[in-house]
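Numbering (the working numbering), first residue to last: 35 to 450.
Backbone N, C-alpha and C fix where the C-beta goes; we use that ideal spot for every residue, glycine too.
What you are looking at is a predicted structure, and each value in this text was computed from that prediction instead of being measured.
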Amino acid sequence: MNVGYFGGTFDPMHNGHLHMLDAATEKFALDLVIVMPAGMPYHKDLLSVSPACFRYMMCRRALSRRPEVVLSAAEIRRRGPSYTIDTVHDLKRDFLPEDRFYLICGSDILDSIQHWYHFEELLAELILAVAIRPGEKRSSLEKQARELRQRYGAEVVLYDTPMLPVSSTAIRGQLEAEPGRPPSDLPPGVMRIIRRYGLYREPNPLVWLQPETRRQVVELESKLFDLISLKRLAHSMSTMFEAVRLAQRFGGDVNRAALAALLHDFAKELTVSEMLSLAPGLTSEYGDSNATLHGPAAGLLLEPVFGISDPAIASAVTWHTTLREGATQLDKIIFLADKIEPSRTFGDLGPIRALAEQDLDAAVLATLEGVRQHLIREKLKIHPASLAAMSELMRERPGAADLSARRKKKKRKKDR
Ligand SMILES: [Fe+2]
Ligand SMILES: [Fe+2]
């Protein structure tokens with residue numbers, strides 16, 4: 035069996051990657067190609083590389099019509115620095131000794147492979163399938179390949195690819211310069227993900243986090259890959275970006291906001307009985323459904339699962355669905371970020387998002403009112419904690435309700 039291994043940051047995956055992959059599949063008669071988005075490269079952080087869940091999601095969409103391709107999250111799940119040699123060893127366990135492994139790569143590898151971790155061992159494990167871009171000088175690449183063969187006994191094969199003169203860096207640049215315009219080198223569907231989660235928007239709010247928090251976020255994301263679905267993880271990440279923006283805007287604690295937002299939904303995929311058995315402190319004061327219990331359950335499980343004992347974070351996670359009387363600013367930020375992050379489409383969020391630009395309490399109140407109306411329409415009861423939060427906000431900020439109503443009215447007028 036011929037197996038291709040194609041790794042990279044893929045931030046985002048583009049048509050150049052796909053051409054390279056397709057040409058290698060044909061040239062080397064690959065039966066299977068394993069595409070492996072990198073975890074967080076150890077020399078980079080979230081300011082230079084997008085969260086893994088978004089990169090993985092874009093790869094999945096880009097590769098959806100290629101049955102010979104398997105997308106693997108092994109490097110994302112592995113915490114700490116990830117080296118190709120470790121990944122290759124892990125992969126090979128599932129194959130026969132006679133299966134041939136091709137590392138699909140660009141010609142820059144001919145210069146850099148000698149600096150890779152345990153590169154001699156790596157060269158003994160696989161064949162370098164080096165793509166030659168149009169315009170690259172074949173003779174000098176052949177010379178470099180010959181040297182690798184002679185010095186290290188490497189198997190190196192060069193292949194031509196109709197690869198486009200495109201790079202992820204150039205695509206990110208285009209998206210930042212003209213956010214509404216899809217770059218032509220993006221595979222169908224990838225732009226939809228970029229739009230849905232508001233990716234590559236400048237400025238990156240994570241610049242406001244301490245480096246230690248950014249490191250924690252990377253580790254937590256990798257852990258969350260095992261705990262929740264990709265869609266929920268992307269929502270949590272998106273909530274994190276929104277919460278950090280809100281915290282920065284209203285003078286809140288951006289670091290706590292990031293951690294609370296990222297973890298707010300990690301218990302959502304547990305059943306009620308699982309929640310009750312894992313978090314014995316859970317009581318019926320929170321209600322008895324998954325919708326009302328997953329916040330309090332996550333609040334109680336933060337320390338045992340993630341080692342986070344900060345009561346402010348636990349409170350924001352606990353009350354993110356219903357809010358409560360006496361809510362802190364962080365509670366409100368997480369409650370609001372969860373409802374208005376860019377991928378949320380329910381109801382008419384425009385006026386609430388506009389309020390959230392200037393007045394946190396008014397935006398929170400408008401959101402609670404929206405939830406209340408929705409529950410009335412669905413003939414469901416509003417949680418007493420939400421009612422208490424609403425009454426308190428209306429008492430303390432009588433103007434906030436007016437502001438929210440005025441904005442809605444203005445919006446309705448504009449729509450007419
Ligand atoms: Fe939730
Ligand atoms: Fe959520």
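*Could you pull out every unbroken beta strand (DSSP E) segment of at least 3 residues lying fully inside the stretch 58-99, listed in chain order?*
Listed in chain order, the complete beta strand (DSSP E) runs (minimum 3 residues) inside the stretch 58-99 are 66-71.
*Measuring CB to CB, does P199 end up less than 8 Å from A57?*
Contact: no.
*By a C-beta neighbour count over all protein chains shown, 10 Å radius and 16 as the cutoff for buried, is L94 buried or exposed?*
Going by the sequence as given, residue 94 is Arg instead of Leu. Buried is the call here.
*Cα-Cα separation between S311 and G341, rounded to whole angstroms*: Approximately 19 Å between the Cα atoms of the pair.
*If you drop the 5 nearest sequence neighbours on each side, which residues of the same chain put their C-beta closer than 6 Å to that of I138?*
The beta carbon of I138 lies closer than 6 Å to those of G38, F40, A58, A163 in the same chain, with the five residues before and after it left out.
*Which of the three DSSP states, helix, strand or coil, is assigned to L402?*
In the displayed model, L402 falls within a helix according to three-state DSSP.
*Could you check if M424 is buried or exposed, using at least 16 other CB atoms within 10 Å of its CB as the buried criterion?*
Within 10 angstroms of the beta-carbon of M424 lie 16 or more other beta-carbons, which makes it buried.
*Is E303 closer than 8 Å to S263 when the C-beta atoms are compared?*
In contact: S263 and E303 (Cβ atoms closer than 8 Å).
*Quick one: is P217 buried, meaning 16 or more other Cβ sit within 10 Å of its Cβ, or exposed?*
If you draw a 10 Å sphere on the C-beta of P217, you find 16 or more other C-beta atoms in it, and that means buried.
*Going along the chain, which residues put their C-beta within less than 7 Å of some heavy atom in ligand 1?*
For ligand 1, the selected residues are H298, D299, K302, H328, G329, H354, T355, D372.
*Pull up the DSSP beta-bridge partners for G38, would you.*
When beta bridges are read from the DSSP output, G38 appears opposite V67, Y136.
_Here's a check: name, in chain order, each residue in its chain whose Cβ is nearer than 7 Å to the Cβ of A188, leaving out the five neighbours to either side._
Answer for A188: L157, L162, L182, listed in chain order.
_DSSP bridge partner residues for L105 (one or two, in chain order)_ = Note: L105 sits in a beta bridge opposite V69.
*Residues in its own chain within less than 6 Å of R387 by CB, not counting five upstream and five downstream?*
The residues are I374.
_As assigned by DSSP and simplified to three states, the class of L192_ = Shown here, L192 sits in a strand according to DSSP, grouped into three states.
*Taking the runs of the alpha helix (DSSP H) that are 4 residues or longer, which of them lie wholly in the stretch 330-373?*
As far as the stretch 330-373 is concerned, its whole alpha helix (DSSP H) runs of at least 4 residues are 345-352.
*asked:* Our contact map puts C87 next to L267 with C-beta atoms below 8 Å; I'd like the distance itself, whole angstroms only.
replied: C87 to L267, Cβ: 5 Å. Contact.
*Are A371 and A292 closer than 8 Å when you measure CB to CB?*
No, the Cβ-Cβ distance between A371 and A292 is not below 8 Å.
_heavy atom of ligand 2 below 7 Å from T273 C-beta_ = Indeed, a heavy atom of ligand 2 lies less than 7 Å from the Cβ.
*If you drop the 5 nearest sequence neighbours on each side, which residues of the same chain put their C-beta closer than 6 Å to that of A294?*
Cβ neighbours of A294 within its own chain (closer than 6 Å, five residues either side excluded): I347, A350, V351, I368.
*Kindly indicate which residue of H328, E159, E154 has the alpha-carbon position closest to the one of R185.*
Out of H328, E159, E154, E154 has the C-alpha closest to the C-alpha of R185.
*Taking the C-alpha atoms as reference points, what is the distance between Y345 and L336?*
The sequence as given places Pro at residue 345; Tyr does not occur at that position. Those two C-alpha atoms are separated by around 10 Å.
*Is it right to say A63 is buried, meaning 16 or more other beta carbons lie within 10 angstroms of its own, or is it exposed?*
Counting Cβ neighbours within 10 Å, A63 comes out exposed, since fewer than 16 surround it.
*DSSP on A163, reduced to helix/strand/coil?*
Here A163 sits in strand by DSSP.
_Inter-residue spacing [alpha-carbon to alpha-carbon] between R167 and L240_ = Our two residues, R167 and L240, have alpha carbons roughly 35 Å apart in a direct line.
*Is the beta carbon of H417 within less than 7 Å of some heavy atom of ligand 2?*
Ligand 2 never approaches H417 closely enough for any of its heavy atoms to be under 7 Å from the residue's Cβ.
*Can we say the stretch 98-117 touches the stretch 244-261, given the rule of at least three CB pairs closer than 8 Å?*
Below 8 Å, enough C-beta pairs join the stretch 98-117 and the stretch 244-261 to call them touching: three or more.
*Distance cut-off 7 Å: H149 Cβ against heavy atoms of ligand 2*: Because no heavy atom of ligand 2 lies under 7 Å away, the Cβ of H149 does not count as near it: no.
*Is the Cβ-Cβ distance between D45 and S202 less than 8 Å?*
Between D45 and S202, the C-beta spacing is below 8 Å.
*Would the beta-carbon of H269 be found less than 7 Å away from any heavy atom of ligand 2?*
Ligand 2 has a heavy atom closer than 7 Å to the beta-carbon of H269.
*asked:* Considering Cα atoms alone, identify which of P131, D194, P418 is closest to L160.
replied: When C-alpha distances from L160 are compared across P131, D194, P418, the shortest belongs to P131.
*Residues of its chain near S323, where Cβ-Cβ distance is below 6 Å and the 5 sequence neighbours each way are ignored*: If you ignore the 5 residues before and after S323, its C-beta comes within less than 6 Å of no other C-beta in its own chain.
*Round the Cβ separation of S116 and A165 to the nearest angstrom and send it over; I've been treating them as touching at under 8 Å.*
The Cβ separation is near 22 Å, so there is no contact.
*Quick one, which of P213, S106, L394 has its alpha-carbon nearest A285's?*
A small fix is needed here, since residue 285 is Gly in this sequence, not Ala. When each option's Cα is compared against that of G285, the closest is L394.
*Can you check whether the CB of H417 is closer than 8 Å to the CB of G381?*
Judged by beta-carbon spacing, H417 lies beyond the 8 Å limit of G381, meaning their Cβ atoms are not closer than that value.
_Just to confirm before moving on: does the CB-CB distance between E236 and E212 stay below 8 Å?_
No. Outside cutoff.
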